[in-house]
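Residues 1 to 93 in the UniProt record's numbering are what the sequence shown lists, from first letter to last. Glycine included, every Cβ here is placed at the ideal spot set by N, Cα and C. Please read these numbers as outputs of a predicted model, since none were measured by experiment. Notes for the one structure printed next.
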Amino acid sequence: MDYPLALAEQLRPQLKALRKQRGLTQAQLGAMLGVSQARVVEIEANPGAVSLQQILQVLQLLGASLVVRTNPLSYSIDTASPPLRAEEKRGEW
Numbered sequence: 001m002d003y004p005l006a007l008a009e010q011l012r013p014q015l016k017a018l019r020k021q022r023g024l025t026q027a028q029l030g031a032m033l034g035v036s037q038a039r040v041v042e043i044e045a046n047p048g049a050v051s052l053q054q055i056l057q058v059l060q061l062l063g064a065s066l067v068v069r070t071n072p073l074s075y076s077i078d079t080a081s082p083p084l085r086a087e088e089k090r091g092e093w
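Right under this line is the structure:
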């Protein structure tokens with residue numbers, strides 16, 4: 001299931017819910033991450049202050065992932081930048 005987020009603080013309840021769905025305590029998740037239970041409390045309380053790498057690690061351990069999706073109605077086209085070539089779109093640089 002997708003949970004669209006616009007702000008880092010919206011990740012707070014998602015992280016806690018994912019952890020609980022997996023039947024993990026904060027201490028257990030901390031042990032899996034190699035951090036203390038107190039650090040898991042900090043991550044859940046303020047995910048916006050955590051490195052993206054650590055958020056990705058937490059999500060992976062909780063069986064979730066981060067998806068970046070463009071919304072055609074919410075961005076403006078930068079006319080100063082040339083459009084991507086087909087090779088660039090496929091990641092063949």
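- Less than 8 Å separates the beta-carbon of L29 from that of V40.
- In this structure, the alpha-carbon of N46 lies about 23 Å from that of M1.
- For G48 and Q10, the gap between their C-alpha atoms comes out near 9 Å.
- In the displayed model, V35 falls within coil according to three-state DSSP, outside both helix and strand.
- Of the candidates L33, P72, A38 and T70, L33 places its Cα closest to the Cα of L59.
- With a 10 Å radius around the Cβ and a threshold of 16 neighbouring Cβ atoms, R19 comes out buried.
- Taking 8 Å as the cut-off, the beta carbon of Q53 is found no closer than this to the beta carbon of I43.
- Close CB contacts of A27 within its chain, under the 8 Å cut and outside five residues either way in sequence, are with Q37 and V40 (chain order).
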